[in-house]
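In UniProt numbering, the protein residues as written are 1 to 92. Even glycine gets a Cβ: it sits at the ideal position worked out from N, Cα and C. To keep things clear, I will list the structure first and then write my remarks on it.
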């Protein structure tokens with residue numbers, strides 16, 4: 001028998017999410033623009049992350065990801081997630 005070591009790999013997972021709606025505004029004499037956007041803040045845990053000795057346990061495995069999306073991009077993302085959900089539902 002051979003000794004095989006098995007390693008497991010896991011994907012990062014979202015452990016917390018916060019969001020807020022911002023209004024991007026701009027004005028000049030020619031036109032005025034008010035565009036709503038959503039600012040997302042995700043706390044992501046990565047069990048596979050390599051760590052340094054200087055980091056404590058919480059810092060080792062988590063990071064913050066911040067991104068901003070407009071309404072059209074959010075709708076596109078939701079359409080894609082709905083498609084994935086329907087595919088998963090069909091497997092049950």
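Same chain, Cβ closer than 8 Å to residue i, five either side skipped, listed in chain order
i, result
"residue 69", "37, 38, 40 and 77"
Cα-Cα separation, residue i to residue j
i, j, result
"residue 28", "residue 34", "12 Å"
"residue 67", "residue 90", "32 Å"
"residue 50", "residue 9", "13 Å"
"residue 73", "residue 92", "29 Å"
"residue 47", "residue 18", "21 Å"
"residue 87", "residue 71", "24 Å"
"residue 20", "residue 43", "15 Å"
"residue 64", "residue 32", "34 Å"
"residue 80", "residue 26", "31 Å"
6 Å CB neighbourhood of residue i in its chain, flanking five on each side removed
i, result
"residue 45", "13, 15, 61 and 62"
"residue 23", "34 and 36"
"residue 82", "none"
Quiz item: At which residue ranges does the UniProt domain "COMM" (13–92) contain complete beta strand (DSSP E) runs of 3 or more residues, listed in the order of the chain?
Solution: Look at the UniProt domain "COMM" (13–92) and you find these whole runs of beta strand (DSSP E), each 3 residues long or longer: 13–27, 32–45 and 62–70.
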